[in-house]
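Peer 1:
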Amino acid sequence: MAARFIFAFSILVAVPVLLLSQAPLPGLTEPRGQGLAARVEGRPPDIFFNPTRHAIADAMLQLAGVAAGDVVYDLGSGDGRIPIIAAQKYGARGLGIEIDPRLVTQSWGNANDAEVANRVKFIVGDLFEADLSEATIVTMYLSPSIMKRLIPKLRALTPGTRLVSHQFDMPGWPPDERRQVDEAEILLWRVPK
Ligand SMILES: C[S@@+](CC[C@H](N)C(=O)[O-])C[C@H]1O[C@@H](n2cnc3c(N)ncnc32)[C@H](O)[C@@H]1O
């Protein structure tokens, strides 16, 4: 009787403990620092946050010939630096689309500090789903696979829209210009008719 009780008790305790020990700890299997936001949005980021250095961001905007009438969209806008520079230095308007809500909050704080919060906007969203039709310039620091996926969407933009990529090419669509800035290459396309 006692042996049967001990056996049943050990099954009841051991099995759940074993199962729990196999389950991944929450957060450990997710991209570092992005997991919670990604879960909130129900969509994991396609690339980690890695900021473009300010000098390179500025060179990207200059390569695009940014001016006060432009509307600069940054796809995966991180801490908001590219739309903020576009507004602060060139008087353009800027929009950042970013999947991580914490980076969007940080971007608004940075825009306030730079006193351009009335000229920029940051939204939590998926760059693949975003409406880019109002952009006159689109900036990107993404990855080869994301650039490849974006080609049909970018090709469909208004002819003359300028596209600038930090580092990554678009396969089958050679850039109109490319420039080396310190360690980085920046590339410019103009959407054709
Ligand atoms: C390499 S960082 C570039 C940040 C900023 N554009 C810059 O150049 O400083 C890429 C950014 O894209 C964001 N991201 C990744 N997948 C995304 C998606 N599907 N939609 C919107 N943002 C995304 C990441 O959270 C990250 O902030």
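Take the position in the sequence shown, starting the count at 1, then add 9; the result is the number in the numbering used here. Beta carbons are placed, not taken as given, at the ideal position from N, Cα and C, and that holds for glycine.
I need the boundaries of the beta strand (DSSP E) containing V133, first residue and last residue.
Peer 2: Looking at the DSSP string, the run of the beta strand (DSSP E) that includes V133 is 129-133.
Peer 1: Which value, in whole angstroms, describes the spacing of the CA atoms of G181 and L163?
Peer 2: Computed Cα separation, rounded: 13 angstroms.
Peer 1: From R48 to S154, what distance separates their C-alpha atoms?
Peer 2: Annotation note: pLDDT 41 at R48 (below 50); position unreliable, coordinate value reported separately. So the two alpha carbons sit approximately 22 angstroms from each other.
Peer 1: Let me check one thing: in DSSP terms, what residues is L104 bridge-paired to?
Peer 2: BP columns for L104 point to Y82, K130.
Peer 1: How many Å lie between D140 and G105 at the Cα?
Peer 2: Between D140 and G105, the C-alpha separation is close to 12 angstroms.
Peer 1: Determine the direct distance from the alpha carbon of I93 to that of F131, and round the result to whole angstroms.
Peer 2: So the alpha carbons of these two residues sit roughly 10 angstroms apart.
Peer 1: Using a 10 Å radius around the Cβ and a threshold of 16 neighbouring Cβ atoms, would you call Q189 buried or exposed?
Peer 2: Looking at its Cβ environment, which holds fewer than 16 other Cβ atoms inside 10 Å, Q189 is exposed.
Peer 1: How close, in whole Å, do the beta carbons of T215 and V147 come, if the pair is a contact with beta carbons under 8 angstroms?
Peer 2: No statement about residue 215 is possible, as the shown extent of the chain runs from 10 to 202 and does not include it.
Peer 1: Count the other CB atoms within 10 Å of the CB of I91; is the residue buried (16 or more) or exposed (fewer)?
Peer 2: Buried is the call here.
Peer 1: Go ahead and label S86 buried or exposed: buried means 16 or more other beta carbons lie within 10 angstroms of its beta carbon, across all protein chains shown.
Peer 2: By the 10 Å Cβ count, S86 comes out buried.
Peer 1: So L70 is in the alpha helix (DSSP H); what residue range does that whole segment cover?
Peer 2: Start and end: 63-72.
Peer 1: Judging by CA-CA distance, which residue of P54, V113, P183, A120 is the nearest neighbour of K98?
Peer 2: Of the candidates P54, V113, P183, A120, the one whose C-alpha sits nearest the C-alpha of K98 is A120.
Peer 1: Determine the contact status of A4 and I108, defining contact as a CB-CB distance below 9 angstroms.
Peer 2: Because the chain is modelled from 10 through 202, residue 4 falls outside the range shown and cannot be assessed.
Peer 1: May I ask whether a heavy atom of ligand 1 can be found less than 8 angstroms away from the beta carbon of A96?
Peer 2: Answer for A96: no, Cβ out of range of ligand 1.
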